[in-house]
Amino acid sequence: RLKECISTLQQKEKMEAFSSVLEDILNSNNTQQLKLYIDAVLNEQVSLVISRQLLSECIALFDNKITNHATQKELLLYAISRTQPRAVSFEESLSQLREKLADVYEREEDNLEAARTLQGIPLDSGHRAISDDYKLQVYMRIVKLFLEEDEAVQAEIYLNRAALLIACSDDDLLLLTYKLSQARILDAKRKFLEASSKYHELSYVGKIPEDERILCLTAAVQCAVLAGAGPQRSRTLATLYKDERTHQLSSYSVLEKTFMEHIIRPEEVSVFVSTLKPHHLARLADNTTVFDRAIIEHNLLSASKIYNNIRLDELARLLNVSSEQAEQIAARMIGENRMVGSIDQLDSLISFESGGAAQDEKSDADTISAAAAAANGTFQSNLRVEQSMLEIMKWDTAIQSLCYDVDSVIMSIQEKYPQYASTKIQQQI
1 RLKECISTLQ QKEKMEAFSS VLEDILNSNN TQQLKLYIDA VLNEQVSLVI
51 SRQLLSECIA LFDNKITNHA TQKELLLYAI SRTQPRAVSF EESLSQLREK
101 LADVYEREED NLEAARTLQG IPLDSGHRAI SDDYKLQVYM RIVKLFLEED
151 EAVQAEIYLN RAALLIACSD DDLLLLTYKL SQARILDAKR KFLEASSKYH
201 ELSYVGKIPE DERILCLTAA VQCAVLAGAG PQRSRTLATL YKDERTHQLS
251 SYSVLEKTFM EHIIRPEEVS VFVSTLKPHH LARLADNTTV FDRAIIEHNL
301 LSASKIYNNI RLDELARLLN VSSEQAEQIA ARMIGENRMV GSIDQLDSLI
351 SFESGGAAQD EKSDADTISA AAAAANGTFQ SNLRVEQSML EIMKWDTAIQ
401 SLCYDVDSVI MSIQEKYPQY ASTKIQQQI
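Numbering (UniProt numbering) for the sequence shown: 1 to 429.
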């Protein structure tokens, strides 16, 4: 019968003959017959106009007539393989077939294969008019599928293509998907500060459901904590800490400690670690994870607020790393201007200056030095005196603070153990 359909000369009769055969095949539920039908439709003896129309009708069957998952997959793969050699003539039909097959792969949760199937859709062809909206939809779908499998590099390629079209779109859903994809790619590329900013921005968008906004806010906190310690991170943490919504998150305790620059112990972050994504726990070249490095850098910066100087072996114990690692991390942070200090390798000693104020002092000192040089060293001696006085003032402040602390301890002992305290005082007298 299919041969008769092909050989029929009249187009109207040919269409009717094919439709009749297709109806009989569907009633018999014979997959092999459907494949033969596709072959007949694509036969070169059938005019291109009729072939396209019949193939479109065949594709429509996957919405309501051909519903078995395995049958759909088998037929779609077969139809694509048979149509591909004549891709130029059947571009639109091929696009529809690939979209249907991608749906099948998505239901199987095979996101990579779904993305690769959509990659085969010809969007830059000059043989048919393709709207920018359609291109954007396909690009963003590919981006989403790659991100589901943590394939950020591939996702970014298609996000960059979408970036050329997104400004012309008035589809709010696509725009939000684009912004979320941006944040996720920055996150995957470990550009945590930029990702945190994007996530935080999305957490305010009213068109996003409340539960998804909370997820964005949680991701913003995660990225801020994971970012490299330094002034920029401190500003991001301050913004999130002031956002009252973060106080309800399970990660708030870690956010608070990082913002307050408290030293964080490993046992204090077990709940936070359980919420991290796989790439947050990826091993780096030094065998630490992204999260480990973030906590080590944070604790080092916190230590710089407490100590004026500390031996490298003591710092290593505090950070729970080797002395060599402690020195390398400190050197990197100082070199990147994320911490102010110096390392004396001969004495195995690291000296800190007190945060932002020290940076300002350093800048002022540089300015003074430049002026002094211009004036033939007139102010050099004064500068050295000022620096010496600054060191003496630091020591005075440290001694005063220590005395206050000792006095506070004595007062506490007197309150809790008055008899013991009285006895000891009498002995001293």
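We put the beta carbon where it would ideally sit given N, CA and C, even for glycine.
Collapsed DSSP secondary structure at residue i in the structure displayed
| i | result |
| --- | --- |
| Gly-335 | helix |
| Asn-309 | strand |
| Ser-322 | coil |
| Thr-218 | helix |
| Arg-184 | helix |
| Ile-343 | strand |
| Ser-412 | helix |
| Arg-283 | strand |
| Ser-351 | strand |
| Thr-289 | strand |
| Glu-201 | helix |
| Arg-213 | helix |
| Pro-85 | helix |
| Gln-45 | coil |
| Leu-301 | helix |
| Ala-224 | helix |
| Asp-172 | helix |
| Pro-231 | helix |
| Asn-111 | helix |
| Tyr-417 | coil |
Member of the options whose CA lies at the smallest distance from the CA of residue i
| i | options | result |
| --- | --- | --- |
| Arg-141 | Gly-341, Gln-154 and Ile-130 | Gln-154 |
| Phe-259 | Ser-234, Glu-268 and Arg-245 | Ser-234 |
| Tyr-178 | Ser-196, Pro-85, Leu-165 and Glu-151 | Leu-165 |
| residue 453 | Leu-215, Ile-80 and Gln-419 | Only positions 1 to 429 of the chain appear in the structure, and residue 453 is not among them; the question remains open. |
| Lys-305 | Ala-398, Ala-282 and Asp-243 | Ala-398 |
| Leu-118 | Ile-263, Asp-347, Ser-302 and Asp-103 | Asp-103 |
| Arg-190 | Asn-160, Val-225 and Cys-168 | Val-225 |
| Arg-107 | Asp-124, Leu-145, Ala-129 and Tyr-139 | Leu-145 |
| Arg-52 | Ala-40, Asp-63 and Phe-62 | Ala-40 |
Expected contact under 8 Å - CB spacing of residue i and residue j to nearest Å
| i | j | result |
| --- | --- | --- |
| Leu-147 | Arg-184 | 5 Å |
| Thr-31 | Glu-74 | 6 Å |
| Leu-193 | Thr-236 | 6 Å |
| Asp-132 | Cys-168 | 6 Å |
Through-space distance from residue j to residue i, alpha-carbon basis
| i | j | result |
| --- | --- | --- |
| Gly-228 | Ile-208 | 29 Å |
| Met-333 | Ala-294 | 12 Å |
| Glu-353 | Arg-338 | 12 Å |
| Ala-285 | Glu-210 | 39 Å |
| Ser-95 | Val-205 | 34 Å |
| Arg-82 | Arg-116 | 18 Å |
| Leu-240 | Glu-256 | 10 Å |
| Val-290 | Val-321 | 15 Å |
| Ile-66 | Lys-100 | 12 Å |
| Gln-414 | Ile-392 | 33 Å |
| Asp-396 | Tyr-404 | 12 Å |
| Ser-181 | Ala-220 | 14 Å |
| Asp-43 | Asn-287 | Asp is not the amino acid found at residue 43; the sequence shown has Asn there. Roughly 60 Å separates the two Cα atoms. |
| Val-254 | Gln-222 | 9 Å |
| Ile-130 | Gln-137 | 12 Å |
Quick check: the region 270–282 against the region 304–317, are at least 3 beta-carbon pairs closer than 8 Å? no
Count Cβ pairs between the region 297–309 and the region 195–203 that sit closer than 8 Å; are there 3 or more? no
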